[in-house]
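Residue numbers (my numbering): 1 to 274.
What follows is the structure, encoded as structure tokens:
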């Protein structure tokens, strides 16, 4: 049994190294493309009001083209943002001037995804070499305040298993058996899954302790298992506790948990995929 386990660990070691490299590439992509951000348009997006007696809530809509970490120049370039369907997620009137929507799409394929972020925060989106992708929103007045979304896109298996074992502690032993030991488990100050079964059991909301600089991380994570392997999505907001925006945070996280990730926008010229 021990011999078999050693073989499993050896089999995963290369994948583990690749995951670390891809994570670094993705992080570098987030930071490196900040000065090359390409918001292509700004409009408004209508959401139903959480109070049925009020008018719909209109918030700014930004459209951002994701940067490819590896671009051979041979891919078909998509320069047309996909149409956005009618929103069903309800917003309170208080959020009208506090949150904005961003549609991210890629130059190498149709479709895209939509997330909510604090008003005025600037988006930088990137696609990693292994297909993993994400977007970082930063407060231009305080870059230490940011929100990161990442998705392994059914790609890097080790990345997904490590993420699952980290944010779902009851899966840590399973991750270890798969060859990805969680050596530095997170110390959550608050954590709960959304429900006992189905997608809700695979969706978690969490808060981490305030760090020494007075910033706190709060986020959500979701995972799934399919014929392609494992999917892991994570969104996390890092904000100063001198001016917390708790109602904003709850709105952004609920948008994520309601959709088990961002809202995916179908390719108008093909089948929907996420």
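Every residue gets a Cβ at the ideal spot worked out from N, C-alpha and C, and that includes glycine.
Going along the chain, which unbroken runs of the alpha helix (DSSP H) with 4 or more residues stay wholly within the segment 105 to 157? none
Would you say residue 115 and residue 136 are within 7 Å of each other, going by their C-beta atoms? no
Which same chain residues end up closer than 6 Å to residue 46 when comparing Cβ atoms and leaving out the 5 residues on each side of it in sequence? 56, 58
Measuring CA to CA, which of 133, 166, 145 is closest to residue 151? 133
Return the CA-CA distance between residue 40 and residue 82, expressed in angstroms with no decimal places. Below a pLDDT of 50, predicted positions are generally treated as unreliable, and residue 40, at 42, falls in that range; the measurement from the model is reported next regardless. Rounded to the nearest angstrom, the two C-alpha atoms are 12 Å apart.
Identify, in the order they occur along the chain, each residue of the same chain with its Cβ nearer than 6 Å to the Cβ of residue 237, setting aside the five sequence neighbours on each side. 147, 218, 249
Return the residue from the list 104, 227, 177 that minimises the CA-CA distance to residue 264. 104
Please report the residue range of the alpha helix (DSSP H) in which residue 252 lies. 246 to 259
How is residue 176 classed by DSSP in three states: helix, strand or coil? helix
Is the segment 92 to 100 touching the segment 159 to 175, taking contact as three or more C-beta pairs under 8 Å? no
Can you tell me whether DSSP reads residue 67 as helix, strand or coil? strand
Give the C-beta separation of residue 207 and residue 180 to the nearest angstrom, bearing in mind that I take them to be a contact with Cβ-Cβ under 8 Å. Contact flag wrong, Cβ pair sits at about 24 Å.
Is residue 195 close to chain B, meaning its C-beta is less than 7 Å from at least one C-beta of that chain? Note that chain B does not occur in the displayed structure, where there is just one protein chain.
Short of 8 Å in beta carbon distance, which residues of its chain neighbour residue 244, apart from the five on each side in sequence? Order them along the chain. 216
On the CB-based measure, 16 or more other CB atoms within 10 Å of its CB, does residue 242 come out buried or exposed? exposed
Who does residue 61 pair with in a DSSP beta bridge? 43, 101
Mind checking who residue 264 pairs with in its DSSP beta bridge? 113
Pick out whichever of 209, 149, 118 has its Cα sitting closest to the Cα of residue 188. 209
Quick check on the DSSP output: the beta strand (DSSP E) that includes residue 236 runs from which residue to which? 229 to 240
Determine the DSSP secondary structure at residue 280, reduced to helix, strand or coil. In this structure the chain extends from 1 to 274, so residue 280 is not present and cannot be described.
Once you ignore the five residues that flank residue 226 on each side, which residues in its own chain have a CB closer than 8 Å to its CB? 154
Using 10 angstroms around the beta-carbon of residue 174, count the other beta-carbons present and answer buried if the total reaches 16, otherwise exposed. exposed
What does the Cβ neighbour count give for residue 22, buried or exposed, with the cut at 16 atoms within 10 Å? The predicted model places residue 22 with a pLDDT of 45, which falls under 50 and marks its position as unreliable; any figure quoted below should be read in that light. The residue is buried, with at least 16 neighbouring Cβ atoms inside 10 Å.
Residues in its own chain within less than 7 Å of residue 261 by CB, not counting five upstream and five downstream? 151, 222, 233
Coarse secondary structure for residue 94, derived from DSSP in three states: helix
Cα-Cα separation, residue 50 to residue 185: 37 Å
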